[in-house]
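Letter 29 of the sequence shown, counting from 1, is numbered 29 in the working numbering, and no numbers are missing.
Glycine included, each C-beta is placed from N, C-alpha and C at the ideal position.
Only one structure is covered here, and it is reproduced in the block below.
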Amino acid sequence: METDVDNEAFELGIDPALVRSARVIYETFYTVHPEVTDLPLGVAINRFTHRGKLIFSGKPILLPQECFIPFELFDHPLGQYE
């Protein structure tokens with residue numbers, strides 16, 4: 001099933017699967033740390049393992065196998081694109 005997130009990611013040259021993984025990382029972080037109220041700039045994510053970390057400040061320094069998924073690409077109400 002194609003979604004707006006998939007289309008936008010494709011247009012930017014980002015694998016839609018990475019965007020979905022970034023969303024899972026985001027949701028997991030805020031489930032485990034509900035006291036954190038700051039929104040991230042995005043997720044630095046490994047293209048091969050799909051492991052990543054939320055980035056809250058500054059420009060991330062990425063390893064060659066990593067890419068940055070901006071928050072705007074996976075910022076939507078939970079379940080909207082499920």
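query, result
"Same chain only: Cβ atoms within 7 Å of N46, ignoring 5 sequence neighbours per side", "G52, Q65, E66"
"Pairwise C-alpha distance: I69 and T37", "20 Å"
"Extent of the continuous alpha helix (DSSP H) run through P70", "Not the alpha helix (DSSP H): P70 falls in the beta strand (DSSP E), residues 66–70."
"Opening and closing residue of the alpha helix (DSSP H) in which L18 lies", "16–32"
"Close-in-space but distant-in-sequence residues of the same chain around P60 (CB under 7 Å, 5 per side omitted)", "A44, F68"
"Cα-Cα separation, D15 to E35", "31 Å"
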